[in-house]
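Visitor: In the working numbering, the protein residues as written are 79 to 406.
Note that the Cβ used here is the ideal one computed from N, Cα and C, for glycine as well.
The structure that follows is given in the form of structure tokens.
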């Protein structure tokens with residue numbers, strides 16, 4: 079196999095399939111070695127946290143793996159539908175699976191961070207499909223409705239409402255009707271939940287933020303911080319090197335890439351500032367970083383570009399091996 083063949087493989091569906099298989103196998107092995115750290119975020123306003131939707135153990139493992147595969151498929155669908163990366167590469171999904179494998183606990187359970195990544199990708203598709211449309215208010219309403227509804231399971235979802243609002247500006251659909259649609263979308267979930275008695279006003283209490291900080295007693299926290307810091311570093315680095323290329327695109331593709339870039343920057347800021355629950359942001363952080371990395375390697379698809387890709391894969395495989403050391 080030549081060097082060009084290796085590069086082509088990494089960008090093909092076969093390459094994404096191989097990396098997905100590696101991630102699933104690694105997650106199952108980590109689960110059998112009891113290397114999974116439960117992630118709890120009971121920071122909602124009346125609705126059960128996603129981490130409690132599925133019983134811990136095997137059901138959560140299956141749900142987590144299925145959701146992560148769904149994230150990879152959604153990432154590919156968004157790129158294929160809207161031509162975000164100007165190429166039909168599948169590298170974004172492959173890198174996402176490997177980045178998740180760096181901390182196998184992110185793969186081995188379904189929790190609010192998994193839901194966040196799924197939600198933001200759906201919102202991306204909704205906003206992208208409304209680009210330049212004078213009749214995109216229904217999609218804006220749905221994006222804000224879903225995000226507001228999710229915030230009742232974890233208030234940190236609400237941090238992405240301003241991000242979506244800026245996204246409306248980037249999609250060139252921001253006007254009075256769009257603003258009203260966004261406001262109604264954000265207002266409808268509390269209106270329905272309180273109106274139908276699902277959530278009672280007198281039972282609303284502020285989330286117990288100390289619960290998130292209590293996870294700092296986790297002996298694996300140092301490893302998680304190292305992996306997170308590395309992902310933040312490469313994510314910001316890829317943003318910087320991709321910036322000039324993004325500016326050379328037409329206004330439509332530039333808006334799409336600009337929204338993904340802005341969302342990654344916002345997620346990086348939230349990860350640092352909301353330090354007590356930084357794991358909440360990791361699946362989305364990995365997905366958006368994978369987009370930036372895939373973008374970089376797509377327009378620099380030289381004969382030997384597979385080398386830095388393999389190095390990146392090996393680094394996260396090394397993080398995965400590190401996570402198993404305590405279980406040996």
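(1) Measuring straight from C-alpha to C-alpha, what distance separates residue 113 and residue 133?
(2) Under three-state DSSP, which class holds residue 291?
(3) Counting pairs of beta carbons, one from the region 199-207 and one from the region 236-248, are three or more of them closer than 8 Å?
(4) Taking the continuous alpha helix (DSSP H) assigned at residue 351, which residues delimit it?
(5) Measuring CB to CB, does residue 82 end up less than 7 Å from residue 168?
(6) Quick check on DSSP: helix, strand or coil for residue 262?
(7) To the nearest angstrom, how far is it from the Cα of residue 358 to the Cα of residue 350?
(8) Could you tell me the alpha carbon to alpha carbon distance between residue 304 and residue 139, rounded to whole angstroms?
(9) Less than 8 Å between the CB atoms is what I'm expecting for residue 98 and residue 188, so what's the real figure, rounded?
(10) Residue 106 by DSSP, collapsed to three states: which one?
(11) With contact counted as at least three CB pairs below 8 Å, one residue from each stretch, are the region 183-197 and the region 386-399 in contact?
(12) Taking the alpha carbon of residue 364 as the reference point, which residue from 257, 180 and 376 has its own alpha carbon closest?
(13) Nearest to residue 223 by alpha carbon, out of 269, 331, 344 and 325?
(14) In chain order, what residues of the same chain have a beta carbon less than 6 Å from the beta carbon of residue 109, not counting five sequence neighbours either side?
(15) With H, G and I counted as helix, E and B as strand and the rest as coil, what does DSSP make of residue 182?
Guide: Answer, in terms of the structure:
(1) When rounded, the distance between both Cα atoms is 18 Å.
(2) Any reading at residue 291 is ruled out, since the residue's pLDDT is 49, under 50, leaving its predicted position unreliable.
(3) With a cut-off of 8 Å on Cβ pairs, the region 199-207 is in contact with the region 236-248, counting three or more such pairs.
(4) Its alpha helix (DSSP H) spans residues 329-351.
(5) Between residue 82 and residue 168, the CB-CB gap reaches or exceeds 7 Å.
(6) Three-state DSSP puts residue 262 in a helix.
(7) Cα to Cα, residue 358 sits roughly 12 Å from residue 350.
(8) So the alpha carbons of these two residues sit roughly 24 Å apart.
(9) At roughly 17 Å, the Cβ-Cβ gap does not stay under 8 Å, so residue 98 and residue 188 are not in contact.
(10) It is helical.
(11) In short, these stretches do not touch, since the Cβ pair count stays below three.
(12) Nearest of 257, 180 and 376 to residue 364, Cα basis: 180.
(13) For the residues 269, 331, 344 and 325, the minimum Cα distance to residue 223 belongs to 269.
(14) Sequence-distant Cβ neighbours of residue 109 in its own chain, meaning closer than 6 Å and more than five residues away, are 139 and 186.
(15) Helix.
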